[in-house]
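For the sequence shown, position 363 matches number 363 in the UniProt record's numbering, and the numbering has no gaps at all.
Read the structure below first, then the notes.
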Amino acid sequence: MALTVLKVKNAKPGRHVDGRGLCLVVKPSGARTWVLRMQLKGHRRDYGLGSAHDVSLGDARTAAAELRRRVRDGFDPVAERRKARKVIPTFEAATRTCHETLGDGWKGGHHTRWLSGFERHLFPRIGKKPVDKVDSACVVEALSPIWLEIPETARRLLQRIGVVLDFAHVKGWVPEEVSLRSVRKGLPRQNDKRGHMEAMPYSDVPALMKKLASAAPTTGRDALRFTIYNAVRSNETRLAVWTEFDLENAVWTIPAERMKAGETHVVPLSAPAVALLRKRWNERTSDTGLIFSKDGKKPISDMTMTKLLRNDGFATITVHGFRSTFTDWAAECTDFPKEVADKALAHKLPNKVEAAYRRTDFFEKRRSLMKQWADFLGNRAPAADRAAGEPTPARAAA
């Protein structure tokens, strides 16, 4: 039989049925609660409708009828309750969690610098916004100040924002996947040239090296000189640690996890490169820490070497471009095969069949090549030419 106001008032501990799933649950403590029992997606669940001390029998019947109607229309009370309890992190917190969770699978250099652009350009603008409120319009607004000023960085950040929002969707913080395809339509067209980094003509590099060597020594200048001597990427220099070097045998072994191609790269060091390292060894703060660092723990910024070039009046030359400079010099001023220069740059052969058969790393030839490069940078002719008194461009037999 249906409940009455009197029955509700005098109900003893237990479950008292009113009808169509509506029940009054009375606990031994005297607490009285209205509960609606329904089947939802094959599961029987109880949904609380409030205390009987606050909700009358009539109001409980009305609330039960309304909840039944909403469930028929697709409403899921449990999902809504969970959503209400869930704490949505800020965009900054979500980004840092994404970095911590996914970063173990990234290469060391990428993991280290991944957050820097967010910290410099995005967190001050949208870092405190709940991540589920970050949409295309929000991203357009955040990237607008840097889209034309530093286009490559802006493009990279756009891609990384997509990674964060996808991660947030998987974590349940963002209900639906966020598409950023329309972001570029809300920003002006970038006119910078994409592709190879702008390189300094090889004939100009000796003068730059002389200027760097004669200026007051700094960690940045040493890092730039070392990068040019070895034709390596800036991050390979910035993150180099003492344990990677054998100075007695003039060898630098860069582990696979720090290389773009994911393979260990062994670099034959020229005499000037070794001399630079020995100087820094005498000034080290740690036997195992970072070489180009003030404290052996924190690497120099990826902009430190670039800033030296800008201060010297090179507005468009990039540090990475010196790898192209080295390639041009090797092709124009030596007789070494292209494969030797490519191996010096740690380039992978695009042809997988050829790569499988060509297993040599041309180490001894690369040692000779890097010596000639160092001689060129120091405005010195190779030994054979100096002995003959002919300071001609470096040439070596393959």
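Here a beta-carbon is modelled for each residue, glycine too, at the ideal position from N, C-alpha and C.
Between F376, H347, A374 and V25, which lies nearest to F362 when the distance is taken from Cα to Cα?
Out of F376, H347, A374 and V25, H347 has the C-alpha closest to the C-alpha of F362.
Based on the DSSP output, what are the partners of D46 in its beta bridges?
Answer by DSSP bridge pairing, in chain order: R37.
Would you call the segment 208-224 and the segment 294-308 touching, i.e. three or more CB-CB distances under 8 Å?
Contact annotation: the segment 208-224 touches the segment 294-308, with at least three C-beta pairs closer than 8 Å.
Rounded Cβ spacing between G321 and A199 (contact assumed at less than 8 Å):
About 3 Å separates the beta carbons of G321 and A199, which is inside the 8 Å limit, making them a contact pair.
Taking the straight line between their C-alpha atoms, what separation do you get for V178 and V241?
When the Cα atoms are used, V178 and V241 turn out to be separated by approximately 40 Å.
Mapping DSSP to helix, strand and coil, what is P337?
The answer is coil: DSSP assigns P337 none of H, G, I, E or B.
Which of helix, strand or coil does DSSP assign to L22?
Look at L22 here: in three-state DSSP terms it is strand.
Supposed contact pair T90 and P130 - C-beta distance, whole angstroms, cut 8 Å
Between T90 and P130 the Cβ distance is about 6 Å, and since that is below 8 Å, they are a contact.
Does DSSP classify V55 as helix, strand or coil?
If DSSP states are grouped into helix, strand and coil, V55 belongs with coil.
Does DSSP put T285 in a helix, a strand or coil?
If DSSP states are grouped into helix, strand and coil, T285 belongs with coil.
F336: buried (16+ other C-beta within 10 angstroms of its C-beta) or exposed?
Counting every other CB atom within 10 Å of its CB across the protein chains shown gives F336 a total of 16 or more, marking it as buried.
T101 versus G21 - alpha carbon distance
Distance between the alpha carbons of T101 and G21: 45 Å.
Return the residue from the list L40, K133, H99 and T285 that minimises the CA-CA distance to F118.
Comparing C-alpha distances from F118 to each of L40, K133, H99 and T285 shows the shortest one belongs to H99.
Nearest-angstrom Cβ-Cβ length linking L180 and V174, presumed shorter than 8 Å
About 12 Å separates the CB atoms of L180 and V174; that is not less than 8 Å, and the two are not in contact.
CB P299 to CB R233, shorter than 8 Å?
No, these two residues do not count as a Cβ contact at 8 Å.
Buried or exposed for F326, please, with buried defined as at least 16 other CB atoms from any protein chain shown within 10 angstroms of its CB.
Buried: at least 16 other Cβ atoms inside 10 Å.
If you draw a straight line from the C-alpha of C23 to the C-alpha of A142, how long is it?
One C-alpha to the other measures close to 53 Å.
Does the beta-carbon of T304, which I'm using as the reference point, lie nearer than 7 Å to any heavy atom of the ligand NAD?
Among the ligands in the structure shown, none appear at all, so the ligand NAD cannot be discussed.
Mapping DSSP to helix, strand and coil, what is S114?
First, the amino acid is wrong: residue 114 is Trp here, not Ser. Reduced to three states, the DSSP call for W114 is coil.
Hey, does E141 have any beta-carbon neighbour from chain B nearer than 8 Å?
Absence of chain B from the displayed structure is noted, only one protein chain being present.
Tell me the rounded alpha-carbon separation between V134 and H53.
Near 43 Å, if we compare the C-alpha coordinates of H53 and V134.
Whole-number beta carbon distance between I88 and D132, since they are thought to touch under 8 Å:
Rounded, the Cβ-Cβ distance is 5 Å, consistent with contact.
A245 - partner residues in DSSP beta bridges
This sequence places Phe at residue 245; Ala is not what is there. Looking at the DSSP assignment, F245 forms a beta bridge with W252.
Exposure label - P268; buried when at least 16 CB within 10 Å
By the beta-carbon neighbour count (other beta carbons within 10 angstroms, threshold 16), P268 is buried.
I'd like to know whether the C-beta atoms of residue 411 and G50 end up nearer to each other than 8 Å.
Here the chain comprises residues numbered 1 to 398, so residue 411 is not present and cannot be evaluated.
Local conformation of H265 per DSSP, three classes:
Strand.
Are V25 and R15 touching if we call contact CB-CB under 8 Å?
R15 is positioned such that its CB atom lies closer than 8 Å to that of V25.
Would you list the one or two residues that DSSP bridges to T90?
DSSP lists P130 as partners of T90.
Between K352 and the rest of its own chain, which residues show a CB-CB distance below 6 Å, the 5 nearest in sequence each way excluded?
Unreliable positioning characterises K352 in this predicted model, as indicated by a pLDDT of 49, which lies under 50. A coordinate reading is not provided.
Who are G14's beta bridge partners in DSSP?
Per the DSSP secondary-structure output, G14 pairs in a beta bridge with V26.
In three-state terms, what does DSSP make of L309?
L309 carries a helical assignment under DSSP once its states are collapsed to helix, strand and coil.
Helix, strand or coil for L67 per DSSP?
Collapsing the DSSP output to three states places L67 in a helix.
For D46 and V35, which I take to be in contact (beta-carbon distance under 8 Å), what is that distance rounded to the nearest angstrom?
In this structure D46 is in contact with V35, their Cβ atoms being roughly 5 Å apart against a cut-off of 8 Å.
Alpha carbon of A64 to alpha carbon of A94, nearest angstrom:
The alpha-carbon atoms of A64 and A94 are separated by roughly 39 Å.
Quick one: Cα of A374 to Cα of G289, how far?
One C-alpha to the other measures close to 26 Å.
In three-state DSSP terms, what is R181?
R181 falls in the coil class under three-state DSSP.
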